[in-house]
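There are 2 protein chains.
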Amino acid sequence: MTTAPLSRNEAKELTRRRLLRAALRILDEEGEAGLTTVKVSRAAGIAQSSFYVHFRDKQDLLKSLWHEGGGRLLRATHQARSLSIEAPTDRERFRDAFRIPLESMCRHPELFRISRRVRHDPGSPLAEFAREAEKISRDLLVEDLIASGFTAGTEQERRRVEMIADCLGALTERMAIGHLEGRYPDLEEALDVIIAFSRGYLSLLPRENRA
Amino acid sequence: MTTAPLSRNEAKELTRRRLLRAALRILDEEGEAGLTTVKVSRAAGIAQSSFYVHFRDKQDLLKSLWHEGGGRLLRATHQARSLSIEAPTDRERFRDAFRIPLESMCRHPELFRISRRVRHDPGSPLAEFAREAEKISRDLLVEDLIASGFTAGTEQERRRVEMIADCLGALTERMAIGHLEGRYPDLEEALDVIIAFSRGYLSLLPRENRA
């Protein structure tokens, strides 16, 4: 069996992905302090000078990690929510829609920690990016909430749906923090509480749209 | 009418309070960048060298601001919750118990912003203090939730009540952030959403304790 040789672009993309995987592993194992361009390049098996073909600097590398990880998370969460909207009485699907983002935040603790830190630090070069990412995630949830029956015809209704999305994000994040701090070892227990709170916002659904 | 002259300790406490008030005013008006010991001392009408009689440094001053502001907030919130627990069907008292912490976070935006930033920044000398303050606030809410009928006899029950307290804190904080960012101009609308979510956790109350 022969395989066609990689094109220049394919080879470049392969190296880029190898760098991202190496960076994520280092973050998981050693935390932010371990994340240097020297270490990442060595772990990916490339020369340090080549690092800069792919990323401007460490901040740019972090942005790419979030961009890819966040993109995957958003797609998975959106899909779980769509499945739940299709079958509004299916309790397991409803649970999945909350479990997927919660588990995802806990999967790479250090990446999650850094994202929270930079979002609150106006002096960080990543602050704007982190806030933008939060907005994209909230906007997508707003769309899913509208698909599930919330009305957003007026400005006030739209704002209310945005608040609900914001609150759901805050609950998930707070439970993830508690889990990572070791206070809530069982994610399913945390999920129970998120879902209990969430049943409350369903009372804001227009009556004719309730399951 | 004559007034007794101030004792040495009273005079010292008066100056300390004057410094704290000046610092809070500067934070509100100019943000963190304006908070220098020179400016605070001048605004309080004392010599800069005297500043250090009262506070070790700027961090120590910030700690005192939180300590006093946080203490006031906790007492006011605890009182509002107690009044609501006494009259569980009184909707206005229930609302007050959520409104008071929300309004308080919004009253001094810069102080609130700094507290969030340092909590997420392990490198900050105030990180430990901010996390401790968050824990005190959560523990007090846990006690109030138990007073309102939640059981915490087993470890798992106790953890659940802690999660509920944590979630309530997260909702309030997130709505305060949205308000301060200008997205939710009307705090009463934000309060409606917090309360809608909160009605959800009430489903976790043991049935015999529901209002």
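Chains as they are written, first to last, in my numbering: chain A, 1 to 211; chain B, 1001 to 1211.
From the three backbone atoms N, C-alpha and C, an ideal C-beta is built for every residue, glycine too.
Predicted, not measured: the structure shown is a model, and the values here were computed from it.
Check: Listed by chain order, chain A residues near Leu1035 of chain B by CB distance under 7 Å; Outcome: Simply none; closest approach about 15 Å.
Check: First through last residue of the alpha helix (DSSP H) which encompasses Leu221 of chain A; Outcome: Residue 221 of chain A lies beyond the range of chain A shown here (1 to 211); nothing can be said about it.
Check: Start-to-end residues for the alpha helix (DSSP H) that takes in Ile46 of chain A; Outcome: Neither: Ile46 of chain A is in no alpha helix (DSSP H) and is coded neither H nor E.
Check: From A:His67, A:Arg99, A:Glu30, A:Asp57, residue whose alpha carbon lies closest to that of Thr172 of chain A; Outcome: A:Arg99
Check: Listed by chain order, chain A residues near Asp1166 of chain B by CB distance under 7 Å; Outcome: Arg174, Gly178
Check: Start and end residues, alpha helix (DSSP H) containing Pro109 of chain A; Outcome: 109–120
Check: Cβ-Cβ distance between Phe1051 of chain B and Ser1064 of chain B below 8 Å; Outcome: no
Check: Helix, strand or coil at Glu1181 of chain B according to DSSP, with G and I counted as helix; Outcome: coil
Check: Proximity test, Cβ basis, 8 Å: Leu27 of chain A and chain B; Outcome: no
Check: Ser82 of chain A (DSSP reduced to helix, strand or coil); Outcome: helix
Check: Exposed unless 16 or more other CB atoms sit within 10 angstroms - verdict on Ile136 of chain A; Outcome: exposed
Check: Any C-beta of chain A under 8 Å from that of Val1142 of chain B; Outcome: no
Check: 8 Å Cβ cutoff met for Asp1028 of chain B and Glu1086 of chain B; Outcome: no
Check: Neighbourhood of Asp1096 of chain B by C-beta distance below 6 Å, restricted to the same chain and skipping five residues each side; Outcome: Ala1080
Check: Beta carbon proximity, Ala197 of chain A to chain B, threshold 8 Å; Outcome: First, the residue type needs correcting, since residue 197 of chain A is Phe and not Ala in the sequence shown. Judged by the 8 Å Cβ criterion, Phe197 of chain A is in contact with chain B.
Check: Residue closest to Ala1047 of chain B, alpha-carbon to alpha-carbon, out of B:Gln1059, B:Gly1070, B:Arg1016; Outcome: B:Arg1016
Check: Leu1141 of chain B in three-state terms, based on DSSP; Outcome: helix
Check: Interface residues of chain A facing Ser1137 of chain B [CB-CB closer than 8 Å]; Outcome: Those do not exist, as Ser1137 of chain B stays about 13 Å from chain A at its closest Cβ, beyond 8 Å.
Check: Endpoints, the alpha helix (DSSP H) within which Glu1032 of chain B is located; Outcome: Careful: Glu1032 of chain B lies outside any alpha helix (DSSP H) and carries neither H nor E.
Check: At least 3 beta-carbon pairs within less than 8 Å: the segment 1149–1169 of chain B vs the segment 175–187 of chain A; Outcome: yes
Check: Proximity of Arg117 of chain A and His1120 of chain B at Cβ, strictly below 8 Å; Outcome: yes
Check: Within chain A, partners of Met1105 of chain B - CB distance below 8 Å; Outcome: Going along chain A, no residue has its Cβ under 8 Å from Met1105 of chain B, so there is no contact; the nearest lies around 13 Å.
Check: Cβ of His78 of chain A within 8 Å of any chain B Cβ; Outcome: no
Check: Residue closest to Asp166 of chain A, alpha-carbon to alpha-carbon, out of A:Glu181, A:Glu143, A:Gly182; Outcome: A:Glu143
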